[in-house]
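5 is the number of the first residue of the sequence shown in the working numbering; add one for each residue after it.
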Amino acid sequence: MQFDDQLIKRLREAQHVVFFSGAGASAESGVPTFRDSHNSFWVDFDAGTFATASGYYANPDRVWQWYAEQRLKLRALTPNPAHRVIAAWQNKASNVTVITQNIDGFHQRAGNHKVIELHGNIGTYKCFDHGHPAEHDANISDEKPPHCQQCGGLLRPDVVWFSEELPAEAFTQAKHSSANCDVFVSIGCSLEVYPASTLPINAAHGGAYLVQVNPHATLLDEIADCNLRGKAGEIMPLLWQAVWREQLP
Ligand code: APR
5 MQFDDQLIKR LREAQHVVFF SGAGASAESG VPTFRDSHNS FWVDFDAGTF ATASGYYANP
65 DRVWQWYAEQ RLKLRALTPN PAHRVIAAWQ NKASNVTVIT QNIDGFHQRA GNHKVIELHG
125 NIGTYKCFDH GHPAEHDANI SDEKPPHCQQ CGGLLRPDVV WFSEELPAEA FTQAKHSSAN
185 CDVFVSIGCS LEVYPASTLP INAAHGGAYL VQVNPHATLL DEIADCNLRG KAGEIMPLLW
245 QAVWREQLP
């Protein structure tokens, strides 16, 4: 794959790079995306039951068990080369921000030491009633949600459900980094979910060189400076070699 000279130059000279990932970044790890026509996560996943507070309130045991099953499935999968490139980039360059919409924790498993998780993480928990973070040993029985040790309420997965606010500090950090970076790389994002979808626009308004990695067109096509049409797991290692002139560590 031949990359545009301007893209290589921008990435080599960047003082601050943001990598912004969506479900497409984990697709080659075997994690279904949400809105692709094939293998869509939503085919056998009732968002109303499993991704809303009302759904959890109505049937906490069933929802808690479902998330336990998803955690087990994710544990059996592994980060792909796209995750490994983003981790290597953060460890090599001076200022790299990783912002993800994904809750799978694959960036951390690939070696990223700081990840802004806009939609939470399936491996973390909080109190359903008061929202304070809570610890839970995922190895104990997951038949029923445990109770919060602070207030006795039920625990829930610390992920953002539909119609819930994004974690304020995470989104503030994400907006700041996006508006102040030199290069913003959107990887595997459909940009159909607000407000995460505003980040690439923020970046463009801030003067960043906007790159998109996606096998399909998105609304970002119109404003991206560079559209890399293809799979993240294939393109990212090639981009690493073109910029750093070395094999991925
Ligand atoms: N490499 C790169 N991109 C890919 C790949 C791949 N191998 N496979 C699919 N894609 C692209 C698809 O073309 C699509 O544009 O990844 C994107 C996935 O889009 P969605 O399934 O909508 O996922 P995402 O953009 O992360 O959704 C945002 O919506 O359902 C909520 O909370 C959920 O975080 C999620 C949010």
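Beta carbons are placed, not taken as given, at the ideal position from N, Cα and C, and that holds for glycine.
Query: Close beta carbons around Pro219, own chain, < 7 Å, minus the five adjacent residues each side; Result: Arg233, Gly234 and Lys235
Query: Between the CA atoms of Thr222 and Leu252 - distance to the nearest angstrom; Result: 28 Å
Query: CB contact flag (Asn106, Ser181, <8 Å); Result: no
Query: Outcome for Ile144 when other beta-carbon atoms lying within 10 angstroms are tallied against a minimum of 16; Result: exposed
Query: Exposure of Ser194, with buried meaning 16 or more beta-carbon neighbours within 10 Å; Result: buried
Query: Status (buried if at least 16 other CB within 10 Å, exposed otherwise) for Thr101; Result: buried
Query: Three-state class that DSSP yields for Gln251 in the structure shown; Result: coil
Query: Spatial neighbours of Thr82 in its chain, beta-carbon cut-off 7 Å, leaving aside the 5 residues before and after; Result: Ser33
Query: For Lys130, the first and last residue of its enclosing beta strand (DSSP E); Result: Gly124 to Cys131
Query: Endpoints, the alpha helix (DSSP H) within which Thr176 is located; Result: Ala172 to Ala183
Query: Closer than 7 Å: Glu168 CB and nearest the ligand APR heavy atom; Result: no
Query: Proximal residues to Val119 (C-beta, below 7 Å), its chain only, five neighbours per side dropped; Result: Val102, Thr104, His111 and Gln112
Query: Check: Asp108 C-beta below 7 Å from any heavy atom of the ligand APR; Result: no
Query: Residue from Trp244, Glu147, Glu17 and Leu224 with nearest C-alpha to Trp70; Result: Glu147
Query: Bridge partners - Gln255, DSSP secondary structure assignment; Result: Because the chain spans 5 through 253 in this model, residue 255 falls outside it and cannot be assessed.
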